[in-house]
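In my numbering, the protein residues as written are 12 to 209. Where a beta carbon is used, it is the ideal one built from N, C-alpha and C, also for glycine. Here the structure is laid out as structure tokens; the discussion comes afterwards.
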Amino acid sequence: MTTTINRPDASRAARLIADGLDPKTWITADALLIGWHTSRLPGIGWGLLGCLFAAVIPLAFIKYGIRRGRWADRHVGQRRQRIVVMSFVTASVTTGGLLLWAFSAPRTMIALIAAMLVTLAALLAVTPAWKISVHAAVSSGSVAMLAMTYGPWALLACPVVAVVGWSRVELEDHTLAQVLAGTAVGGAVAAGAFALVR
């Protein structure tokens, strides 16, 4: 694999992509776009509630861990640390899903949270043995759910998923196999769960 030290421009671009198109960005986009499609402004409200538990609270937990020296950065590269973070995120997303259900949110929004939970469970099952790419899984799952909601034209975002995968390999945070596996698992699991619940 080419080292990032020898390609500083590519590394800078890869870092911008990895940071700008990280899981919270995709989760926020999904929650707001699917919320809007579901029930316009009320759907945006449901989406914001989902974002609170699926993106905002997990990010706050990660930042707290960085400040306490528990992990080096917000991508949490070490597998043991990732298990802790992913377990917390699972609990947070579960709480958000239960609140959406308790407040009678539209079924599509509950399906979105369910898809996030099933994807997290799949990634968490693999992570103790192998560092599967969460970035790739979330981006491909997001595009799959947007295509199921808005139609096949949303698949035009697939090259963006590929660019996210490239950034993870370029930064040497993942191997190509880990990115491809994340893409396949994320897309299939999220789409399957979303279709089943909605």
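Practice item. Helix, strand or coil for E183, going by three-state DSSP, please let me know. Key: The answer is coil: DSSP assigns E183 none of H, G, I, E or B.
Point to revise | Segment limits, alpha helix (DSSP H) that includes I38 | key: In the DSSP assignment, I38 falls within the unbroken alpha helix (DSSP H) covering P34 to C62.
Check your understanding: What runs of the alpha helix (DSSP H), each 4 residues or longer, lie entirely inside the segment 126 to 196?
Key -> Along the length of the segment 126 to 196, whole alpha helix (DSSP H) runs at least 4 residues long occupy 145 to 161 and 169 to 181, reported in chain order.
Check your understanding: What three-state label does DSSP hand W82 in the structure shown?
Key -> Residue state for W82 is assigned as coil, using DSSP reduced to three classes.
Check your understanding: Which class does P69 belong to by DSSP, given the choice of helix, strand or coil?
Key -> DSSP places P69 in helix when its eight states are reduced to three.
Review point. Going by the beta-carbon positions, is the gap between L70 and G58 smaller than 9 Å?
Key: No, the Cβ-Cβ distance between L70 and G58 is not below 9 Å.
Exercise for review: List the whole-angstrom C-beta distance separating D33 from S153, where the pair is believed to meet the contact cut-off of C-beta under 8 Å.
Suggested key: No, D33 and S153 are not in contact; Cβ-Cβ is about 12 Å, not under 8 Å.
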